[in-house]
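Count along the sequence shown from 1, then add 83; that gives the number in our numbering.
Idealized CB from N, CA, C, for every residue including glycine.
To keep things clear, I will list the structure first and then write my remarks on it.
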Amino acid sequence: MVTFGEADNSDSTDDAIAATPTIKSPVESQKSEVLSQNTIGTRRLERFNGKCYLIDTSTVFGSNGMPQGSAQTCPGEQTDDEILFNKIMDKWACKNN
Numbered sequence: 084m085v086t087f088g089e090a091d092n093s094d095s096t097d098d099a100i101a102a103t104p105t106i107k108s109p110v111e112s113q114k115s116e117v118l119s120q121n122t123i124g125t126r127r128l129e130r131f132n133g134k135c136y137l138i139d140t141s142t143v144f145g146s147n148g149m150p151q152g153s154a155q156t157c158p159g160e161q162t163d164d165e166i167l168f169n170k171i172m173d174k175w176a177c178k179n180n
C-alpha cells in the first residue's frame, strides 16, 4: 500500500491521508490578474505572485487553469540578472568618466 502523507493519528490503522498540503513558496494572493488574452480566448497571460504564466485553455491542463511551463518575467519588467548587469555597467561608466 502506498500513502502520500501521514494520518492525523499515528496509532490509527485506517488509510487516512493528511489533507493539509505543504506550501513551498509564499503565496501573496490567491487571485491572479489577466494581462492579455487572444481574440478567441484560448491563450492568456496571467500575473500571479509577481510572475507571469502563459495559460492555454485549449489543452487539458489549461482548461483547469494550470499554466504551461514555469514562471516568466512579466512584460516591461527586468530579471535579476538584467538589473545586476545594469548596476555594474552604471558603476563602470561612472568610474571611467
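Counting C-beta pairs with one atom in each stretch, the segment 155-167 and the segment 117-137 have three or more that are closer than 8 Å, which means they touch. Between Leu128 and Asp139, the alpha-carbon positions lie close to 9 Å from each other. Fully enclosed alpha helix (DSSP H) runs of no fewer than 4 residues occupy 143-146 of the segment 112-154, in order along the chain. Just measuring C-alpha positions, the residue of Ser146, Thr125 and Leu137 sitting nearest Glu116 is Leu137.
The straight-line gap separating the alpha-carbon atoms of Ser146 and Ser119 is approximately 17 Å.
When secondary structure is reduced to three states using DSSP, Asn169 falls in the helix class. In the three-state scheme derived from DSSP, where H, G and I count as helix and E and B as strand, Asn179 is classed as helix. Contact check for Thr162 against Ser141 fails: the beta carbons are separated by 7 Å or more.
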